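Residue numbers (my numbering): 422 to 528.
Below, the structure is given as structure tokens:
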């Protein structure tokens with residue numbers, strides 16, 4: 422791993438950016454696994470959507486972005502899109518688990 426200052430060419434820069442992007446994507450995959458797992462603790466569609474939690478989480482991400490010298494508006498937009506996608510997927514998972522539970526209970 423090279424620091425930005427150690428990079429001697431655009432190839433070095435691109436290699437390091439690609440390496441970081443792979444790590445970011447791996448972390449997003451882990452985050453998604455937790456979002457799906459959370460659905461088993463949710464009791465309603467409202468609890469899956471958790472609008473208060475979403476707003477609090479977005480505000481905290483803004484603070485963290487500013488601490489890193491990043492644009493808080495841009496980071497909030499990224500997280501808003503990301504989390505809305507994860508919520509949609511979690512909702513599908515939650516609904517499917519309810520269908521399976523109820524069909525199993527009917528047997």
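Just so you know, even glycine gets a beta-carbon here, dropped at the ideal spot from N, CA and C. As the structure is a prediction and not an experimental result, all values here were calculated from the model.
Query, Result
"First through last residue of the alpha helix (DSSP H) which encompasses residue 480", "472–488"
"The segment 464–474 / the segment 429–441 touching (three or more Cβ pairs under 8 Å)", "no"
"Own chain residues within Cβ distance below 7 Å of residue 460, not counting five before or after", "469, 511, 514, 515 and 518"
"Limits of the unbroken alpha helix (DSSP H) element including residue 426", "Counting along the chain, residue 426 falls outside any alpha helix (DSSP H), and DSSP gives it neither H nor E."
"Chain-order list of residues whose beta-carbon lies under 7 Å from that of residue 483 (same chain, five-residue window excluded)", "493, 496 and 497"
"DSSP three-state assignment for residue 492, whether helix, strand or coil", "coil"
"Simplified DSSP assignment, three categories, for residue 463", "coil"
"Straight-line gap, residue 425 to residue 509 (C-alpha atoms, nearest Å)", "37 Å"
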